[in-house]
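> Dropping a structure here in structure tokens format, bear with me for questions.
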Amino acid sequence: MKKLKEYTIQFVGLKTGIHHYDYQINDEFFEFFEYDDFNHVDVKANLELEKKPNMLDLRFDIKGSININCDVTNEPFDQPIENSLELVVKFGEEYNDEYEDLLILPHGEYELELQQYIYEAIVLAIPYKRVHPGVEDGSLKSEMLDKLEELQPKQKETKEEEEEIDPRWNKLKKLLNDNK
Numbered sequence: 001m002k003k004l005k006e007y008t009i010q011f012v013g014l015k016t017g018i019h020h021y022d023y024q025i026n027d028e029f030f031e032f033f034e035y036d037d038f039n040h041v042d043v044k045a046n047l048e049l050e051k052k053p054n055m056l057d058l059r060f061d062i063k064g065s066i067n068i069n070c071d072v073t074n075e076p077f078d079q080p081i082e083n084s085l086e087l088v089v090k091f092g093e094e095y096n097d098e099y100e101d102l103l104i105l106p107h108g109e110y111e112l113e114l115q116q117y118i119y120e121a122i123v124l125a126i127p128y129k130r131v132h133p134g135v136e137d138g139s140l141k142s143e144m145l146d147k148l149e150e151l152q153p154k155q156k157e158t159k160e161e162e163e164e165i166d167p168r169w170n171k172l173k174k175l176l177n178d179n180k
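Numbering (our numbering) for the sequence shown: 1 to 180.
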């Protein structure tokens, strides 16, 4: 973890009150986690740490863009992301991170590693379905979209279906509708 030492805060020497930290997240950050779903990352993480006598309140604000591939066309595009994460750090007998918004550190700890929380905030900000904006507005031209259009199932016209129905069925349907 020495590679990401800049994401470690030593809170013992901090005065009681609010402290601000800014982090610029790039591709090297995700190489550490061996996460390669992104082509390029340009995200700013702002941390507001409020030190209280018996606990720490942390608020992460994540904003930026990531370059990912579209799920439909596999074309790369820049996806803007924005997320926030709040974390309360309390002190107890032993380390406990079972809860998503509460971290318990053992008494005597003097530093807090933040890289995992920043990583999770960024990854959770990505939409589940990644669709290129050009696909949604129809401006993207790609071979994949042309092939999908070609292979799309054809829909029959409803007029043709109505003409093919035996007229006796229409009289029965009329009887059903009259009884309602």
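Even glycine gets a Cβ: it sits at the ideal position worked out from N, Cα and C. Predicted, not measured: the structure shown is a model, and the values here were computed from it.
Gly17: buried (16+ other C-beta within 10 angstroms of its C-beta) or exposed?
By the neighbour-count rule (16 or more Cβ atoms within 10 Å), Gly17 is not buried but exposed.
> Please confirm if Ser65 has its CB atom under 7 angstroms from at least one CB of chain D.
Among the protein chains of the structure shown there is no chain D, as only one such chain exists.
> Can you give me the start and stop residues for the beta strand (DSSP E) that Gln152 sits inside?
Unbroken run through Gln152: none, as it is neither H nor E.
> So Tyr119 is in the alpha helix (DSSP H); what residue range does that whole segment cover?
Note, Tyr119: alpha helix (DSSP H), 115-125.
> Counting Cβ pairs, one atom from each stretch, are 3 or more of them under 8 angstroms apart for the stretch 110-123 and the stretch 58-68?
The stretch 110-123 vs the stretch 58-68: in contact.
> Which first and last residues belong to the beta strand (DSSP E) in which Asp57 is found?
55-69 is the span of the beta strand (DSSP E), which, as asked, contains Asp57.
> State the DSSP-derived secondary structure class of Asn83, mapped to helix, strand or coil.
DSSP places Asn83 in strand when its eight states are reduced to three.
> For Asp78, I'd like the list of residues in its chain whose CB is within less than 6 angstroms of its CB, leaving aside the five on either flank, ordered along the chain.
Excluding sequence neighbours, Asp78 sits near Ser65, Asn67.
> So who's on the other strand from Phe77, going by DSSP bridges?
Phe77 pairs with Ile68.
> Which value, in whole angstroms, describes the spacing of the CA atoms of Leu87 and Ile104?
Whole-angstrom Cα-Cα distance: 10 angstroms.
> What's the C-alpha gap between Glu100 and Ile126?
In a straight line, the C-alpha of Glu100 is about 18 angstroms away from that of Ile126.
> Tell me where the alpha helix (DSSP H) around Lys15 begins and ends.
No alpha helix (DSSP H) holds Lys15; DSSP gives it neither H nor E.
> Are the CB atoms of Val41 and Asp27 within a distance shorter than 7 angstroms?
The answer is yes: Cβ separation under 7 angstroms.
> Using CA coordinates, which residue listed in Lys171, Tyr110, Lys63 is at the minimum distance from Lys90?
Of the listed residues, the one whose Cα sits closest to Lys90 is Tyr110.
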